[in-house]
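For what it's worth, my numbering labels the leading residue of the sequence shown as 81, then goes sequentially. Structure first, then comments.
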Amino acid sequence: MDSNYSKLQVKDGNFQSKDPSFRLYSPDHDNGYVNPRNGDDLDVEDVIDLDDLPFIFGERKSGSGIYGAVFNLTTSVIGAGLMALPATMKVLGLILGAALGRTARTLSEICIIINNAGVLVVYLIIIGDVMSGSLRHMGVLDQWWGHGFWDHRKLVILVVLVLFLAPLCALDKIDSLSTTSAASVALAVVYVVVAFIIAAIKLAEGKIEPPRMSPDFGSWSAILDFLVVIPIMSNAYVCHFNVQPIYNELQEPSPHKMYRIGRITTIICVLIYASTAIAGYLLFGKDTESDVLTNFDKDLGIRFSTALNYIVRIGYVLHLILVFPVVHFSLRQTVDTLIFEGLNPLSESRKRCLVLTFVILCLIYLGSTTIPNIWTAFKFTGATTAVSLGFTFPSLIALRLSKVGSGLSQVERYLSWVMLTLAIIVSIAGVIGNIYTFQSN
Numbered sequence: 081m082d083s084n085y086s087k088l089q090v091k092d093g094n095f096q097s098k099d100p101s102f103r104l105y106s107p108d109h110d111n112g113y114v115n116p117r118n119g120d121d122l123d124v125e126d127v128i129d130l131d132d133l134p135f136i137f138g139e140r141k142s143g144s145g146i147y148g149a150v151f152n153l154t155t156s157v158i159g160a161g162l163m164a165l166p167a168t169m170k171v172l173g174l175i176l177g178a179a180l181g182r183t184a185r186t187l188s189e190i191c192i193i194i195n196n197a198g199v200l201v202v203y204l205i206i207i208g209d210v211m212s213g214s215l216r217h218m219g220v221l222d223q224w225w226g227h228g229f230w231d232h233r234k235l236v237i238l239v240v241l242v243l244f245l246a247p248l249c250a251l252d253k254i255d256s257l258s259t260t261s262a263a264s265v266a267l268a269v270v271y272v273v274v275a276f277i278i279a280a281i282k283l284a285e286g287k288i289e290p291p292r293m294s295p296d297f298g299s300w301s302a303i304l305d306f307l308v309v310i311p312i313m314s315n316a317y318v319c320h321f322n323v324q325p326i327y328n329e330l331q332e333p334s335p336h337k338m339y340r341i342g343r344i345t346t347i348i349c350v351l352i353y354a355s356t357a358i359a360g361y362l363l364f365g366k367d368t369e370s371d372v373l374t375n376f377d378k379d380l381g382i383r384f385s386t387a388l389n390y391i392v393r394i395g396y397v398l399h400l401i402l403v404f405p406v407v408h409f410s411l412r413q414t415v416d417t418l419i420f421e422g423l424n425p426l427s428e429s430r431k432r433c434l435v436l437t438f439v440i441l442c443l444i445y446l447g448s449t450t451i452p453n454i455w456t457a458f459k460f461t462g463a464t465t466a467v468s469l470g471f472t473f474p475s476l477i478a479l480r481l482s483k484v485g486s487g488l489s490q491v492e493r494y495l496s497w498v499m500l501t502l503a504i505i506v507s508i509a510g511v512i513g514n515i516y517t518f519q520s521n
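In structure tokens:
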């Protein structure tokens, strides 16, 4: 795979050595060999544990630290999905808040392309809705300067795309985005804190209606809405496409270090997502929109309501602008790998990198001007590509590689099968629900 996605070199295409005495030995980092070149000079002290073996061998360049990687991975997770979660609470109620071969690799690349392209389209839709408004909500520009050519949705998105997003997307290393990723996470935290403060004040003043505490199963339509919510929530956690490039650019990468990054990222995302979903639903109840940012265009019934509205909306638009290039990075890499397989890595061809960036941004812009809202986009990508990337492919890989070495334990194998089964059920249910909703509308 000739791109910034480094391919793990193995001795046997079936992941099992024909020589039963084959063992892993300390890598020659200067030359990229797993085993010493002279096989007769093996020493027992050279034998190492598989968990300490780097995924990528060869000469290493200086890269990002743990916290830079955490910010990049957290930014990959926390994007527009954050704004759709309060709407899922409206449906659920407050309590229920390369191992598979070439064909599978190609399918996974297609899933990454569709998923990431859909997510980037959603980002532009949100930016357009917040700044220029929609049929039922006033935009920031409308409130500042009234109606005019400046608040035309397509023009606003185009200006943001050209002035802010294109320069960031032109960068060819994800490590270059660690600073902007840290800023984007900080802006997401600001939104959560402000939303929780507003909800706490209104709750103390008795201005919040009692929320519904469980899903509504009173009609067939409500049941389908419940099924559609699950893919949306799973879509909000998909970040798998950026794990390898983030790992590749770590300083002294190791599986243990990546596990730590994953755990820290998961804790941060769970806290931010849960806080956003609960606070947003408490504030707006049954009136919660698919993009909760559009709810912040009215008087919240507390002091400094207007200022807080602007802080939330503009702050989150800035957050999405900083998230956009991180998701775009893996989209561009995957498109390059799929279309230009066999050529030199994208990082070594600046011209190809810029051309791909231009074409992708043009297509994303066209998509953002035709799809009506983020709920529609999330329902379809969440039920198909996001479920595949987040659950189907990981479980298949785990089961396929379970024959290597000590393999999976019985519990791990059972959990892999459970995850695969649930992924299939969620995907089928989500697609059926989407089709029914689309026909009903």
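The beta-carbon is built from N, C-alpha and C at its ideal position, and this holds for glycine as well.
Provide the residue span of the alpha helix (DSSP H) that contains residue i, from first to last.
i, result
"Ser482", "Careful: Ser482 lies outside any alpha helix (DSSP H) and carries neither H nor E."
"Val442", "Residue 442 is actually Cys in this sequence, not Val. From DSSP, the alpha helix (DSSP H) with Cys442 extends over Arg430 to Ser448."
"His399", "Ser385 to Ile419"
"Glu189", "Arg182 to Ser212"
"His336", "Pro335 to Phe364"
"Leu238", "Arg233 to Val240"
"Thr260", "Ser258 to Ala284"
"Gln331", "First-last for Gln331: undefined, no H or E at that position."
"Asp222", "Val220 to Trp225"
"Pro247", "Ala246 to Cys249"
Which residue's Cα is closest to the Cα of residue i: the options?
i, options, result
"His399", "Glu369, Ser264, Ile440 and Ala509", "Ser264"
"Thr356", "Gly286, Asn328, Ile278 and Val407", "Ile278"
"Ala354", "Val318, Thr465, Val272 and Thr154", "Val272"
"Ala246", "Ala275, Phe409 and Gly286", "Phe409"
"Tyr445", "Trp230, Val236 and Met211", "Val236"
"Tyr317", "Ile348, Asn328 and Pro325", "Ile348"
"Leu267", "Phe229, Leu495, Asp231 and Gly395", "Gly395"
"Arg233", "Asp252, Leu500, Val439 and Ser212", "Ser212"
"Ile391", "Val210, Asn424 and Leu488", "Val210"
"Lys253", "Glu421, Leu330 and Leu441", "Leu330"
"Asp255", "Pro405, Ile190 and Phe364", "Pro405"
"Arg185", "Tyr327, Trp497 and Leu469", "Leu469"
"Ile382", "Phe420, Asp367, Leu362 and Glu285", "Glu285"
"Tyr339", "Arg182, Ile326 and Leu351", "Ile326"
"Arg343", "Leu362, Trp497, Val323 and Leu443", "Val323"
"Val240", "Ser482, Leu495, Leu363 and Ser448", "Ser448"
"Tyr361", "His217, Phe276 and Val439", "Phe276"
"Val270", "Ile352, Leu248 and Gly219", "Ile352"
"Ile248", "Ser214, Thr450 and Leu434", "With the sequence shown as reference, residue 248 is identified as Leu, and Ile is not the correct amino acid for it. Closest by alpha carbon: Leu434."
"Leu251", "Cys191, Leu426 and Ser188", "Leu426"
"Thr154", "Cys319, Ser385, Leu502 and Thr183", "Cys319"
Residue j and residue i - do their beta-carbons sit closer together than 7 angstroms?
i, j, result
"Ile341", "Ile146", "yes"
"Thr345", "Val150", "yes"
"Leu380", "Val274", "no"
"Val407", "Val467", "no"
"Thr465", "Ile194", "yes"
"Asn196", "Leu441", "no"
"Glu289", "Gly365", "yes"
"Phe420", "Arg393", "no"
"Ser496", "Ala478", "yes"
Any 3 or more C-beta pairs closer than 8 angstroms across the segment 414-421 and the segment 207-224
In short, these stretches do not touch, since the Cβ pair count stays below three.
Counting pairs of beta carbons, one from the segment 268-288 and one from the segment 422-430, are three or more of them closer than 8 angstroms?
Contact between the segment 268-288 and the segment 422-430 is absent, with fewer than three C-beta pairs closer than 8 angstroms.
Please determine if the segment 192-207 and the segment 385-402 are in contact, where contact requires at least 3 C-beta pairs separated by less than 8 angstroms.
The segment 192-207 vs the segment 385-402: in contact.
When you compare the segment 229-246 with the segment 362-377, are there three or more beta-carbon pairs, one atom per stretch, that lie closer than 8 angstroms?
With the cut-off at 8 angstroms, the segment 229-246 and the segment 362-377 do not touch.
Quick one: any contact between the segment 468-481 and the segment 256-270, if contact means 3 or more CB pairs under 8 angstroms?
No: the two stretches stay apart, fewer than three of their Cβ pairs being nearer than 8 angstroms.
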